[in-house]
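Novice: Per my numbering, the very first residue in the sequence shown carries number 155; after that it's consecutive. Backbone N, C-alpha and C fix where the C-beta goes; we use that ideal spot for every residue, glycine too. Everything numeric in this text was worked out from a predicted model, so none of it was measured.
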Amino acid sequence: MLILGLDIATTTGFAWYEPGSSLSSIKTGLMKAEGENAEEKAASLAQQIVAMFKAGRPDFVAIEQPMRNVVSFKKKRQDFGGEVEEQTINPNALQLSSLAGAAVAIIAAYRIPWETIPSATWRKHFLGMGRSPAFDRAAWKRAAVDRCRAFKIAVKNSDAAEAVGIAMAGETCQRFKAMQARAA
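1) Going along the chain, which residues of its own chain have a beta-carbon closer than 7 Å to the beta-carbon of Pro-272, five neighbours each way excluded?
2) Assuming Arg-211 and Tyr-264 are in contact, meaning their beta carbons sit under 8 Å apart, how far apart are those beta carbons, in whole angstroms?
3) As an exercise, report each continuous beta strand (DSSP E) stretch of at least 3 residues that is fully enclosed by the region 190 to 276, in chain order.
4) Mind checking Asp-290: buried by the 16 CB within 10 Å criterion, or exposed?
5) Suppose you measure from the CA of Ala-257 to the CA of Arg-277; what does that come to, to the nearest Å?
6) Which residues does DSSP pair with Thr-165 in a beta bridge?
7) Just to confirm, are Lys-229 and Glu-237 a CB contact at a threshold of 7 Å?
8) Pairs of beta-carbons, one from the region 186 to 199 and one from the region 324 to 338, closer than 8 Å: are there three or more?
9) Spell out the partners DSSP gives Lys-181 in its beta bridges.
10) Compare the C-alpha of Leu-184 against each of Ser-175, Cys-327 and Glu-316 and name the closest.
11) Quick one: does Leu-281 have its CB under 7 Å from some CB of chain E?
12) Which residues bound the alpha helix (DSSP H) around Lys-331?
13) Leaving out the 5 sequence neighbours to the left and right, which residues in its chain are closer than 8 Å to Lys-310 when beta-carbon positions are compared?
14) Quick one: residues in its chain with C-beta nearer than 6 Å to the C-beta of Pro-173, no 5 flanking neighbours on either side, listed in chain order?
15) Between Leu-156 and the rest of its own chain, which residues show a CB-CB distance below 6 Å, the 5 nearest in sequence each way excluded?
16) For Ala-169 versus Ala-321, is the C-beta spacing smaller than 7 Å?
17) Over the uninterrupted alpha helix (DSSP H) stretch that includes Glu-316, give me the two end residues.
Structural data, given as structure tokens:
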């Protein structure tokens, strides 16, 4: 059974993984969501997924679960009165749910089973650790690339490497296991 792993963002990493096959046979790539706003980017990603499915359909799709909360942080900026501190959010975080929703809509329209996997879950499966206070975003990404290189999996960047981890964790999802049981 072929699993497609998706690390959804404006640059979405993808990985095609067939459990039981050589890890070096995993195929990876990237899709860039184009557009002026979140909706146009979601449409762009959806169209690219449709094109991908015309070339070949997975049996199951594992998607990194978007953050369910929006984290705010303090940011300093200069204005006429000097330095000002303001509360803000990462606007890219708001787009992730739109992008994931577009992907899920296409996947569901093709009637392909799917599952979202929290980042801590797929990282624990793929990297051996789910959360580590010593790791920041860049360290997690480096760890995913290093792990792929150790497995001799060709990846262009960390988005593709993380998609590999997501695809491999997809094999452990209850929905995927139920599919395998029905197929056996």
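Specialist: For this structure:
1) Gln-219
2) 7 Å
3) 214 to 218, 226 to 233, 236 to 243 and 268 to 271
4) exposed
5) 21 Å
6) Lys-186
7) no
8) no
9) Trp-170
10) Glu-316
11) Absent from the structure is chain E; it holds one protein chain and no more.
12) 328 to 337
13) Thr-182, Gly-183 and Leu-184
14) Glu-325
15) Glu-172, Pro-212 and Asp-213
16) yes
17) 312 to 324
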